[in-house]
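A.B. asks: Note that the working numbering has the sequence shown beginning at 4, numbered continuously upward. Built from N, CA and C at the ideal position, the CB exists for glycine as well. No experiment lies behind these values; they were computed from the predicted model shown. Next up is a structure, given as structure tokens.
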Amino acid sequence: MLVVKKHLTTSSLMLFLFLNVGCSSGEDGDVAACSAQWSIELQDELNALSQAATAQAQNPGPTTCENFRSAAEDYLEALRPYGNCLALTGQNRLEWQNAVEDAEIQIQEIDCSQDT
Numbered sequence: 004m005l006v007v008k009k010h011l012t013t014s015s016l017m018l019f020l021f022l023n024v025g026c027s028s029g030e031d032g033d034v035a036a037c038s039a040q041w042s043i044e045l046q047d048e049l050n051a052l053s054q055a056a057t058a059q060a061q062n063p064g065p066t067t068c069e070n071f072r073s074a075a076e077d078y079l080e081a082l083r084p085y086g087n088c089l090a091l092t093g094q095n096r097l098e099w100q101n102a103v104e105d106a107e108i109q110i111q112e113i114d115c116s117q118d119t
């Protein structure tokens, strides 16, 4: 049960990251990183993460755990370019970087060998 709570904590953190990207296409810099369509562009990864978290919560085991970890890694990788947006400055940039680093650590700490 502790492992599932960790997974849900990671999902919550990633959802927080997703909802707090504040870039727009009107900013200078990398247009792709500041796309106004970021919520649409990341929808596939977010859906996969949500489905993997649900599957792990409903049927915990090594396979569903690995699927969750993989979906979390994919989501984080898809999210990274949005950190290059020039509109992300000061405290917001620091919070972004810290949240990404925390998410990386949490993903690395997922131990799928402990699920039963």
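What span of residues does the alpha helix (DSSP H) with Cys121 cover, start to end?
C.D. replies: Not covered by the structure: residue 121. The range shown for the chain is 4 to 119.
A.B. asks: Just the C-alpha distance for Asp31 and Cys88, rounded to the nearest angstrom, thanks.
C.D. replies: Note that Asp31 scores 45 on pLDDT, short of 50, meaning its location in the model is unreliable and no value can be drawn from it.
A.B. asks: To the nearest angstrom, how far is it from the Cα of Gly29 to the Cα of Ser42?
C.D. replies: Unreliable placement is indicated for Gly29, whose pLDDT of 42 sits below 50; the coordinate value is still reported in the next sentence. Cα-Cα distance, rounded: 16 Å.
A.B. asks: Leu79 and Ala106 look like a contact to me (Cβ under 8 Å); what is the Cβ gap, rounded to whole Å?
C.D. replies: Leu79 to Ala106, Cβ: 6 Å. Contact.
A.B. asks: Can you tell me whether DSSP reads Gln40 as helix, strand or coil?
C.D. replies: DSSP places Gln40 in coil when its eight states are reduced to three.
A.B. asks: What would DSSP say about Asn62, mapped onto helix, strand or coil?
C.D. replies: Asn62 falls in the coil class under three-state DSSP.
A.B. asks: By how many angstroms is the C-alpha of Glu69 removed from the C-alpha of Glu48?
C.D. replies: Whole-angstrom Cα-Cα distance: 15 Å.
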